[in-house]
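Scroll down for the structure; my scribbles are underneath it.
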Amino acid sequence: MEQNSKLTLKYSELSGNQEINISGDVYGYGGCSGGICHTVNIGPNSRLNGPYLFALCENLKKVDFGENVSIDANNAFQKCYSLETLNASNGLHLRGNASFAQCGFRVLVIPAGSIIDGNHSFGQCQNLRSLVIGDGTVILGDSSFQDCSKLSSIQVGNGVKILGNRTFANCEKIGTFHAGDDFYVSGEDNFMNCRNITSTHYGKNLRLHDESAVIFA
């Protein structure tokens, strides 16, 4: 199914197609429980404005973002338990809350230049083991990866800024945390209950303004 320009998606349009191609300003109150959709392709310069637009798409496995795509509404892909692949090579812009909360990622790459401004953007992704955060990413929202209970390895690029609170709170299985140059951490409790970090590495100009970041001391 192909849609473009300014559109409102209906439940029937989401649930009855294996592959969905959309672009433009996308509205609608979705929810895809019981649908057959397995791939969503989002065209360049698109904005997702509909809350719960693809939430509960239990068969969704892959999402491809074009350049300059933003998610402005809440819970856009929440509880897509089979979603393991997120391609967004030109950066993520997440302004809505819980955009990909409780999804099925095992390995997640946040591309360079991303802005994560919503709360709980990837919270409670219980299958997530490995996280890579690309250069220049800015995390503004709270609890972005909180309660990812199996997350064990984090690789952070250069110039990454964490300005929110509780970013990795309760991720108790993190053992390795490596960061590049100019890593900046502010806010509160970003590493709360991360008790098992035994391998840390960071580059030049490390700046910490969060007492929970003592793991880097």
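In terms of this note's numbering, the sequence shown is numbered consecutively and its last residue is 230.
Ideal placement from N, C-alpha and C gives every residue a C-beta, glycine not left out.
Where does residue i sit, in a helix, a strand or coil, going by DSSP?
{"i": "Phe118", "result": "coil"}
{"i": "Glu224", "result": "helix"}
{"i": "Thr213", "result": "strand"}
{"i": "Phe229", "result": "helix"}
{"i": "Ser143", "result": "strand"}
{"i": "Ser9", "result": "No answer is possible for residue 9: it lies beyond the span of the chain, which begins at 14 and ends at 230."}
{"i": "Lys174", "result": "strand"}
{"i": "Thr21", "result": "strand"}
{"i": "Tyr197", "result": "strand"}
{"i": "Asp38", "result": "strand"}
{"i": "His133", "result": "coil"}
{"i": "Arg60", "result": "strand"}
{"i": "Leu107", "result": "strand"}
{"i": "Ile123", "result": "strand"}
{"i": "Ile152", "result": "strand"}
{"i": "Ile128", "result": "strand"}
Looking at the unbroken beta strand (DSSP E) that takes in residue i, where does it start and where does it end?
{"i": "His191", "result": "189 to 192"}
{"i": "Asn218", "result": "No beta strand (DSSP E) holds Asn218; DSSP gives it neither H nor E."}
{"i": "Ser166", "result": "166 to 169"}
{"i": "Lys75", "result": "75 to 78"}
{"i": "Ile33", "result": "32 to 35"}
{"i": "Asn54", "result": "52 to 55"}
{"i": "Thr98", "result": "98 to 100"}
What is the rounded straight-line gap between the Cα of residue i and the Cα of residue j?
{"i": "Ile33", "j": "Gly126", "result": "26 Å"}
{"i": "Leu96", "j": "Gly104", "result": "18 Å"}
{"i": "Ala226", "j": "Cys161", "result": "18 Å"}
{"i": "Cys184", "j": "Ile49", "result": "32 Å"}
{"i": "Asn171", "j": "Ile152", "result": "14 Å"}
{"i": "Val173", "j": "Cys70", "result": "31 Å"}
{"i": "Lys186", "j": "Ile167", "result": "11 Å"}
{"i": "Ile84", "j": "Phe190", "result": "28 Å"}
{"i": "Thr215", "j": "Gly117", "result": "According to the sequence shown, residue 215 is Tyr rather than Thr. Near 29 Å, if we compare the C-alpha coordinates of Gly117 and Tyr215."}
{"i": "Ser143", "j": "Ser36", "result": "30 Å"}
{"i": "Asp202", "j": "Ala101", "result": "28 Å"}
{"i": "Ala182", "j": "Tyr197", "result": "17 Å"}
{"i": "Gly188", "j": "Gly200", "result": "22 Å"}
{"i": "Thr21", "j": "His133", "result": "25 Å"}
{"i": "Gly136", "j": "Gly177", "result": "14 Å"}
{"i": "Ile228", "j": "Glu80", "result": "36 Å"}
{"i": "Asp38", "j": "Leu61", "result": "6 Å"}
Buried or exposed: residue i, going by 16 or more other Cβ atoms within 10 Å of its Cβ?
{"i": "Arg119", "result": "exposed"}
{"i": "Pro124", "result": "buried"}
{"i": "Asn88", "result": "buried"}
{"i": "Thr180", "result": "buried"}
{"i": "Ser212", "result": "exposed"}
{"i": "Gly63", "result": "buried"}
{"i": "Arg220", "result": "exposed"}
{"i": "Gln31", "result": "exposed"}
Count the CB pairs spanning the region 87 to 102 and the region 142 to 159 that are closer than 8 Å, and state whether there are at least three. Touching, no, given that fewer than three Cβ pairs across the two stretches are closer than 8 Å.
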